[in-house]
Amino acid sequence: MSNITAPPLPPPGTNWIAALQPAVGFLLIGTIFSSMLVPILLALFFFSTRAMRRTLMFSMNVFALLIGLAMGVLNVYSEAYSVLRPSDPLPSSSYGAFASMTAIMPWIVECILLLRVKVVYPLRTTSRLTLIAIYTPAVLLKLGRLINMAVYLNTYIEFSRTATTPIVAGEVLWNTLPNTRIEWGLQVLDNGYLSFIFLRRIIRKPQASEGVVRGSRLSARLRGLFLIAVSNFVFPCLFGLIQLILLLRTGGFLLCTYFNMVNNYINIIGVVFATVWSTGTRWASAEGLTSEYVLSQTGTTTLPSTTESPHGSTPSNSRSYRLQSLARYKAGDEHVTDHTIHTPLHAFVHTSEDRTPGPPKLEPIYLPSKQTSSAVSFV
């Protein structure tokens, strides 16, 4: 590779058309997509709370956005510099920095996806065998990709010292090393695997757990999971697959590199969009723009055959009932303190006359006033 010569320099004050065409393409892609990250970064901080900013998920989203912005700035600077000063190339360290950010960006984004998977497969409630079966392939894929990237970047940095532009260095290595093809293949496999285990989890039939969630709240949660699945998993997986098909069908360096750069920014935007959406929903709740009702199991009680309520006497079909606490979550309510609200308890009764298949039908019954004090904690 060291015997490959660079193209001759153009006459002073001019530049080759062959050098201008790829530079313009990279300039357009880098400028358009990196500028889109600025309002997303501002929205992420605006809708987030102090507690959210201390989480690993938030930090990795900010880190991905900052790398995307740095990649865009460095791309614009290096391409503009190479166009305006073809006889005075940039130092090879700038090429290595840009190539490193371009290579590591998809890996960082997919680490965020792995954190999303951890949300639907919690470490505390998932069996150890299931956790090993889920996370072992994902971790091995990421380690393999990291090793492959390290090998490629080491070769690229060494070769870029003798190349006039990063495009020349990249095109030469594109035709001589298989690392790029290996990385894109592993990326599709990694994305596809994470998408499969995430979608498999959220499309499973919901089962009854510790309490009952109101239908509108359940619909909102399912809608949120759907948006996360589409923006975090489906789009990156589809674009990665298209990128791999483009590589196998055409093999053209510039076209595949353009698409790879676009794919990197789409991955960032998709992942951070889900975070902005979820933080925006919480912000709306905190501002009192939405009201959510949460039912959580608090214990059992024994009721008399007839229970007095604000609506009159209510007959009871059983003597032992599971207690549920009903809370209306609205920020600014004077009863809300440290995410805890005191509300009356309700007993939910399984009527013996109900013979329809499916989950039991629950009917609310107000408890007597002497039993109506409890606390509800919001997750």
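Whatever position you read off the sequence shown (first residue = 1), add 5 for the working numbering.
C-beta atoms are modelled at their ideal positions from N, C-alpha and C, and glycine is treated no differently.
The beta carbon of I162 sits closer than 6 Å to the beta carbons of G101 from its chain, once the five residues preceding and following it are set aside; these are given in chain order. Contact between the stretch 249-259 and the stretch 188-205 is present: three or more C-beta pairs spanning the two stretches fall below 8 Å. The Cβ-Cβ distance between V81 and G35 falls below 8 Å. In this structure V156 touches N184 by the C-beta definition: roughly 6 Å separates them, less than 8 Å. Per DSSP, the continuous alpha helix (DSSP H) segment holding T160 begins and ends at 133-165. If the five residues before and after W112 are omitted, its C-beta is found closer than 8 Å to the C-beta atoms of K147, R150, L151, M154, all from its own chain and listed in chain order. Beyond the five residues adjoining it in sequence on each side, C242 comes within less than 6 Å, by CB distance, of N196, G197, S200 in the same chain, given in chain order. For I208, the secondary structure class from DSSP, reduced to helix, strand or coil, is coil. Contact check for V267 against A69 fails: the beta carbons are separated by 8 Å or more. Contact annotation: G73 and L95 have beta-carbon atoms that are not nearer than 8 Å. A straight-line Cα-Cα distance of about 13 Å links R121 and T60. The shortest CA-to-CA distance from L158 to any of A279, R90, I109 is the one to I109. Our two residues, V239 and S165, have alpha carbons roughly 35 Å apart in a direct line. Per DSSP, T181 is one residue of the alpha helix (DSSP H) stretching across 171-181. Around the beta-carbon of I117, 16 or more other beta-carbon atoms lie within 10 Å, marking it buried. In its chain, beyond the 5 residues on either side, P111, V114, P241 have a beta carbon closer than 7 Å to the beta carbon of N272. The criterion of a C-beta distance shorter than 8 Å is satisfied by L259 and P27. With respect to the C-alpha of Y270, the residue from T167, M106, T160 having the closest C-alpha is M106. Nearest neighbour of S39 by Cα position, chosen from N265, A174, I139, G77, turns out to be G77. With a cutoff of 8 Å on beta-carbon distance, T280 and L49 are scored as near each other.
Residue I202 holds the alpha-carbon nearest to the alpha-carbon of T135 among I202, S53, G175, I172.
Here the alpha carbons of A56 and V125 stand approximately 21 Å from one another. Looking from the CA of S98, the closest CA among T167, M65, Y140, L128 belongs to T167. For V78, the enclosing alpha helix (DSSP H) stretches over residues 61-89.
Secondary structure of Y126 (DSSP, three-state): coil.
The alpha-carbon of A143 is positioned some 24 Å away from that of A104.
Taking the Cα positions, R206 is about 17 Å away from T141. If you draw a straight line from the Cα of I247 to the Cα of F31, it comes to about 20 Å. The three-state reading of DSSP puts A168 in coil, since its state is none of H, G, I, E or B. At the C-beta level, P171 and S83 come within 8 Å of one another.
If the five residues before and after L46 are omitted, its C-beta is found closer than 6 Å to the C-beta atoms of L70, all from its own chain and listed in chain order.
For the pair T160 and L145, the CB atoms are not nearer than the 8 Å cut-off.
Membership of P241 in the alpha helix (DSSP H) is indicated by the continuous run 240-254.
By the neighbour-count criterion, in which a residue is buried when 16 or more other Cβ atoms sit within 10 angstroms of its Cβ, G175 is buried. Closest in alpha carbon position to Y86, among I208, G245, V29, is V29.
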